[in-house]
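**Student:**
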Amino acid sequence: MKGMGSVLALFNQGSLERALSEAQLALKNKADDQELRFLLVQLYLLNNQYEKALTHLNLLDMAVAADMQKAFALHCYRQIAMALSSRKLFFNQRKLVEVDVSDVSEAALQRLLHRLTETSDVPDDEEVDVLSTPARVTLIDGRVLQGEWLDPDDLLRGFFECISPQGRYRLIPMNLLEKLLFESPDKPLDCLLQRVSVTWRTTGETETLLHLNHYPFVFEGVVNLNATDWDDQTLASGIVGIGQKVFCLDDEIIPVSQIMSVEFVC
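For the sequence shown, numbering that gives the first Met the number 0 begins at 0 and goes up steadily by one.
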């Protein structure tokens, strides 16, 4: 399909704005193309345009009302879009809005709130092991790396950011987790959400969540994964291509999309 093909080609080149424009233009010519409209929804979500995503989800609702499976999928996406909207407020306005912190201890929550108020990037009494977690990482290509697991965004250091199947935005302290097992990405939306099996340290139970693989803001700089001089890197950028989330393991930056599993070391 020419419309879908050209949109995906632009997306794969890292041109989100051009992919959005191409999808909008293609949909004007094929307003009844459900797959194209659904792709447009994904691009809007990646571009943090949640109201537009919800508008097109409503239009899709009318087209798939007779298909219960598709209708349920759209309901889930609506919940996700609403959760992502709350997440954007959480980051851009530095407020806890509709955030599930039931797994966060009072002390850890106080440290997070302290960082949210921007009184300091890292409070004086902050322990290093709160911000970094020893981990063993297995990549899709089979390599195994070991070191300190960090998020380039200071706000998220020490926390695992995800959405529950019910569309609830959650922050989980990494010290509560034993292992993460990621599904291999194979579609554009994986740059935003990626299914992950989470194993809890205390109970050993496993839960499937959607990991947020995309920052809700745009950085000026872009991390060059092929660079040899790490001193010239701006690690705080934490972005690869279209806002893709990365983590730092010692002196190496790793896109989440390249990770198969993470084992946290006690």
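Beta carbons: idealized from backbone N, C-alpha and C, even for Gly.
Where does glutamate 251 land, buried or exposed, given buried means 16+ other C-beta within 10 angstroms?
**Tutor:** Exposed is the call here.
**Student:** Let me check understanding here. Comparing Cα to Cα, which of Met81, Glu182, Leu176 lies closest to tyrosine 168?
**Tutor:** The candidate whose alpha carbon is nearest that of tyrosine 168 is Met81.
**Student:** At what residues does the alpha helix (DSSP H) containing valine 197 begin and finish?
**Tutor:** Premise fails: valine 197 lies in the beta strand (DSSP E), 192 to 199, not in any alpha helix (DSSP H).
**Student:** Kindly give me the distance between the Cβ atoms of glutamate 160 and leucine 176, rounded to whole angstroms, as I take these residues to be in contact under 8 angstroms.
**Tutor:** Rounded, the Cβ-Cβ distance is 12 angstroms, inconsistent with contact.
**Student:** Under DSSP, the alpha helix (DSSP H) around alanine 134 begins and ends at which residues?
**Tutor:** No alpha helix (DSSP H) contains alanine 134, which is instead part of the beta strand (DSSP E) from 132 to 138.
**Student:** When the cut-off is 9 angstroms and only beta carbons count, does glycine 157 lie next to chain D?
**Tutor:** This model lacks chain D altogether; it includes just one protein chain.
**Student:** Arginine 169 lies in the beta strand (DSSP E); which residues open and close that run?
**Tutor:** Run containing arginine 169: 168 to 172, per the beta strand (DSSP E) assignment.
**Student:** Since leucine 26 contacts leucine 39 with CB under 8 angstroms, what's their CB separation in whole angstroms?
**Tutor:** Confirmed, Cβ separation roughly 6 angstroms.
**Student:** Find the nearest neighbour of leucine 140 within the set Ala22, Ser256, Met3, Thr205, judged by alpha-carbon distance.
**Tutor:** Contrary to the premise, residue 140 reads as aspartate rather than leucine in this sequence. Nearest of Ala22, Ser256, Met3, Thr205 to aspartate 140, Cα basis: Ser256.
**Student:** Nearest to aspartate 201 by CA position, among Asn11, Phe263, Asp31, is which residue?
**Tutor:** According to the sequence shown, residue 201 is threonine rather than aspartate. Answer by Cα proximity: Phe263.
**Student:** In angstroms with no decimal places, state the Cα-to-Cα distance between glutamate 147 and glutamine 23.
**Tutor:** About 43 angstroms.
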